Each structure stands twice: as structure tokens, then as C-alpha cells.
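Per the numbering used here, residue 1 is the first one in the sequence shown, and the count goes up by one each step. By construction, the Cβ of each residue, glycine as well, lies at the ideal position given by its N, Cα and C atoms. Just so we're clear, the structure is a prediction, and the values are computed from it rather than from any experiment.
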Amino acid sequence: MRMIEFRKYPLILLSVLFLSSCCFPPEQDIVKIAISKESKNYTSWLSRYEENAEYYNMYDMGIDSALNVLKTCDGLLLTGGEDIYPAYYNQIEDTIFCGSFDRYRDSLEFALIKSALENKIPIIGVCRGQQILNVSLGGSLYVDIPQEFDTTVVHRQEDWRNCYHKVFIVDSSLLRDLSSVQYGMVTSNHHQGIKKKAEQLKISAYSADSLPEAIEWKDDTGKSFMMAVQWHPERMDTLHLLSAPIARKFLDEAWNFNQNRNK
1 MRMIEFRKYP LILLSVLFLS SCCFPPEQDI VKIAISKESK NYTSWLSRYE
51 ENAEYYNMYD MGIDSALNVL KTCDGLLLTG GEDIYPAYYN QIEDTIFCGS
101 FDRYRDSLEF ALIKSALENK IPIIGVCRGQ QILNVSLGGS LYVDIPQEFD
151 TTVVHRQEDW RNCYHKVFIV DSSLLRDLSS VQYGMVTSNH HQGIKKKAEQ
201 LKISAYSADS LPEAIEWKDD TGKSFMMAVQ WHPERMDTLH LLSAPIARKF
251 LDEAWNFNQN RNK
């Protein structure tokens with residue numbers, strides 16, 4: 001596993017990527033994963049299931065450079081993090097209920113999603129990653145679950161390392177096929193969630209209060225792989241059935257994309 005950093009010398013490293021793609025045969029034994037904003041948890045998670053991978057932290061590159069690098073990658077991972085600015089889903093008046101924002105990150109991830117979908121690059125989303133996928137496709141969010149949504153399910157607490165709740169997997173969903181379970185306990189750390197689902201999506205898991213906990217394509221005809229979960233699989237046990245199969249499926253799809261690109 002290699003983490004590729006572009007913070008100090010982005011132009012030089014982009015030049016190396018370009019020249020290597022032009023002058024040398026493509027590497028068949030490395031899968032390249034773009035990460036919208038890196039933390040060690042995410043690379044460690046995927047590395048449990050795939051040793052031959054390189055990871056690119058999109059956040060440190062600038063949007064134009066990130067989009068150029070994404071075109072050399074085989075998969076996109078949208079990670080957890082700050083709240084999405086509510087103006088993107090027409091609720092700017094509810095900003096008072098939000099936590100911190102990162103407007104640059106919002107713009108970056110919207111651009112990455114658009115490019116990945118256009119180029120049929122596999123996508124996986126975690127927590128915020130699920131939310132921004134839904135917003136990018138026309139859905140909306142609960143700005144603050146405790147304020148807007150009547151529930152006794154604890155989706156976030158101060159001791160976030162020990163916040164768990166049950167999720168229920170929808171029959172006839174890809175997530176059900178991958179996990180082979182009807183329900184399970186997951187690690188949770190969010191105060192926002194899907195309110196209006198984007199038309200192209202289907203919900204593949206719910207919490208006990210009916211809040212959407214996972215999404216996938218309603219109809220995947222002509223589309224690349226896309227799945228997102230509201231929980232944090234990267235913080236869960238290596239063999240957990242709502243963590244490992246998700247990572248493996250994403251990596252398999254990234255490898256398939258890699259091989260088809262290099263035929």
C-alpha cells in the first residue's frame with residue numbers, strides 16, 4: 001500500500017504521472033484509488049483487503065489537478081467529515097443548525113463525483129460521502145437530525161468510538177447480496193442524513209427509525225458501480241459483514257475498471 005502525496009510538488013508529480021502513462025506500459029498489478037479527503041483509517045481499511053494499491057489524496061491537489069489525477073485512477077472513495085453547506089440543497093436558512101463547513105471540499109467532491117460518473121469510475125461513499133452523493137444527484141438532507149427528525153436512535157454521541165446502532169438491510173438490494181444479512185450493528189457518527197432521496201437512487205438499508213443508512217443505484221443499467229453507507233465500515237471489525245464485503249466489492253470493481261481500461 002502506498003499513499004501518494006501531492007502537497008509539496010504537485011506539478012512535478014503530475015508530470016511524472018503523465019510521462020509514465022505515455023512512455024511506459026501501464027502497470028497491471030496496482031489499483032489506484034482516489035480519496036476525496038484522506039485519513040489513515042480509510043487507507044488502512046481498504047489495505048486489509050488489497051495490498052497492491054496506491055492511494056491519492058485529492059484534497060491536497062486543487063480541483064483541476066485532482067480531476068486530472070482522477071482520470072488515472074480506478075476508483076473514488078468519498079470519506080466522512082464536515083457538514084455539507086445547506087445552500088446546495090436549498091436550506092441555507094438552516095445553517096445555524098450545522099457544524100463546521102468546508103466550501104472548498106464541497107466544490108471538490110461535487111466535481112469529483114461528476115467526473116467519476118461521466119468516466120464510469122467506481123464510487124464508494126462513507127457517512128458524508130453518502131450525503132454528498134445524494135445531494136449531487138438532486139436529493140436533500142436533514143440539516144440536524146435531533147432538530148428535524150423524531151427518533152430515539154442515537155446516531156451520534158460525544159464518545160463517538162462507542163456509538164453503535166442496528167441497521168436493517170433491504171431485500172433485493174446489492175448490499176443484501178454482498179452481506180448476506182438482514183440486519184447488523186454498525187458504528188455511527190452523524191447528525192445529518194438523507195431527507196429526500198435522489199430519484200436515481202434506492203435505499204438499501206434503514207435504521208430502526210426509518211432513516212436511510214445505505215444507497216445504491218435504482219437501475220444500474222449503463223452505470224458504473226456506486227454504493228454508499230451512512231455508518232463507518234472503516235472503524236469496524238475486519239470480518240464484519242457490513243464492512244468487509246463492501247470494501248471487497250469496491251476493490252473488485254476498481255480492478256475490473258483497471259483491467260478494462262488497460263486492454
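Contacts around K223, its chain only, beta-carbon distance under 8 angstroms, and the 5 residues preceding and following it disregarded: As a position in the sequence shown, residue 223 is number 223, starting the count at 1. L117, K120, W217.
Three CB pairs or more closer than 8 angstroms across the segment 161-177 and the segment 202-217: With a cut-off of 8 angstroms, the segment 202-217 and the segment 161-177 count as touching, because enough Cβ pairs lie within range.
Nearest-angstrom Cα separation, counted from M227 out to S140: For this step, residue 140 is matched to residue 140 along the sequence shown. For this step, residue 227 is matched to residue 227 along the sequence shown. Roughly 17 angstroms between the two C-alpha positions.
Same chain, Cβ closer than 8 angstroms to A111, neighbours up to 5 away in sequence not counted: Position 111 of the sequence shown, counted from the start, is the residue given in the question as residue 111. So the qualifying residues of the chain are I63, A66, L67.
Stretch pair the segment 181-199 + the segment 120-140: three plus CB contacts closer than 8 angstroms: Judged by Cβ distances under 8 angstroms, the segment 181-199 makes contact with the segment 120-140, as three or more pairs qualify.
C-alpha distance - T95 paired with E148, whole-angstrom precision: What you label residue 95 is simply residue 95 of the sequence shown in a count that begins at 1. What you label residue 148 is simply residue 148 of the sequence shown in a count that begins at 1. The alpha-carbon separation between T95 and E148 amounts to approximately 13 angstroms.
Where I84 sits in the DSSP three-state scheme: As a first step, residue 84 must be located in the sequence shown, where it is residue number 84. I84: coil per DSSP, three-state reduction.
Distance between I113 and L242 (C-alpha atoms, nearest Å): On the sequence shown, residue 242 is found 242 positions in, with the first residue counted as 1. On the sequence shown, residue 113 is found 113 positions in, with the first residue counted as 1. If you take the alpha carbons of L242 and I113, they lie about 24 angstroms apart.
Of the listed residues I92, N57, Y89, nearest to T79 (C-alpha basis): Start at 1 with the first residue of the sequence shown, and residue 79 comes out as number 79. Of the candidates I92, N57, Y89, the one whose C-alpha sits nearest the C-alpha of T79 is N57.
Opposing strand residues paired with T187 [DSSP bridges]: Sequence index remark: in the sequence shown, residue 187 carries index 187 (1-based). When DSSP reads this structure, T187 sits in a beta bridge with Y164.
Outcome for M61 when other beta-carbon atoms lying within 10 angstroms are tallied against a minimum of 16: Reading the sequence shown from its first residue, position 61 is the one you call residue 61. Classified as buried, M61 has 16 or more neighbouring CB atoms from the shown chains inside 10 Å of its CB.
Buried or exposed by the 16-neighbour rule on C-beta atoms within 10 Å, applied to C23: The residue labelled residue 23 in the question sits at position 23 within the sequence shown. Any answer about C23 is weak, because its pLDDT of 47 lies below 50 and its placement is not dependable; what the coordinates show is given next. Exposed, since its Cβ has fewer than 16 Cβ neighbours within 10 Å.
Whether E38 touches Y55 by CB criterion (8 angstroms): Here the question's residue 38 lines up with position 38 in the sequence shown. Here the question's residue 55 lines up with position 55 in the sequence shown. A distance below 8 angstroms separates the beta carbons of E38 and Y55.
Nearest-angstrom Cα separation, counted from Q192 out to D83: As a first step, residue 83 is located in the sequence shown; it is residue number 83 there, counting from the start. As a first step, residue 192 is located in the sequence shown; it is residue number 192 there, counting from the start. Distance from the CA atom of D83 to the CA atom of Q192, rounded to whole angstroms, is 8 angstroms.
Inter-residue spacing [alpha-carbon to alpha-carbon] between L239 and W45: For the purposes of this step, residue 239 is identified with residue 239 of the sequence shown, where counting begins at 1. For the purposes of this step, residue 45 is identified with residue 45 of the sequence shown, where counting begins at 1. C-alpha separation (whole angstroms): 11 angstroms.
Cβ-based burial, P212 [other Cβ within 10 Å; buried from 16]: Here residue 212 corresponds to residue number 212 of the sequence shown, with the count starting at 1. A buried status is given to P212, since no fewer than 16 other beta-carbon atoms sit within 10 Å of its beta-carbon.
Y56 Cβ short of 7 angstroms to the ligand SAH heavy atom set: For the structure depicted, the ligand SAH is absent and the ligand set is empty, with no information on it obtainable.
Rounded straight-line distance, which links the Cα of N258 to that of P25: Here the question's residue 25 lines up with position 25 in the sequence shown. Here the question's residue 258 lines up with position 258 in the sequence shown. Note that P25 scores 45 on pLDDT, short of 50, meaning its location in the model is unreliable; the coordinates nonetheless yield the value given after this. Answer to the nearest angstrom: the Cα atoms are 13 angstroms apart.
Three-way DSSP call (helix, strand, coil) for A244 in this model: For the purposes of this step, residue 244 is taken as the residue at position 244 of the sequence shown. Note: A244 maps to helix in three-state DSSP.
Span of the alpha helix (DSSP H) around S286: Examination of residue 286 is not possible in this model, given that the chain is present from 1 through 263 alone.
Straight-line Cα distance separating G81 from A87: The count along the sequence shown starts at 1 and reaches residue 87 at position 87. The count along the sequence shown starts at 1 and reaches residue 81 at position 81. Cα to Cα, A87 sits roughly 18 angstroms from G81.
Runs of beta strand (DSSP E) wholly within the segment 34-63 (minimum 3 residues, chain order): List check, beta strand (DSSP E) in window: 53-57.
Three-state secondary structure (DSSP) of L141: On the sequence shown, position 141 is the one that residue 141 refers to. L141 falls in the strand class under three-state DSSP.
CB of V265 within 8 angstroms of CB of Q130, strictly: With the chain represented from 1 up to 263, any question about residue 265 goes unanswered, as that position is not in the structure.
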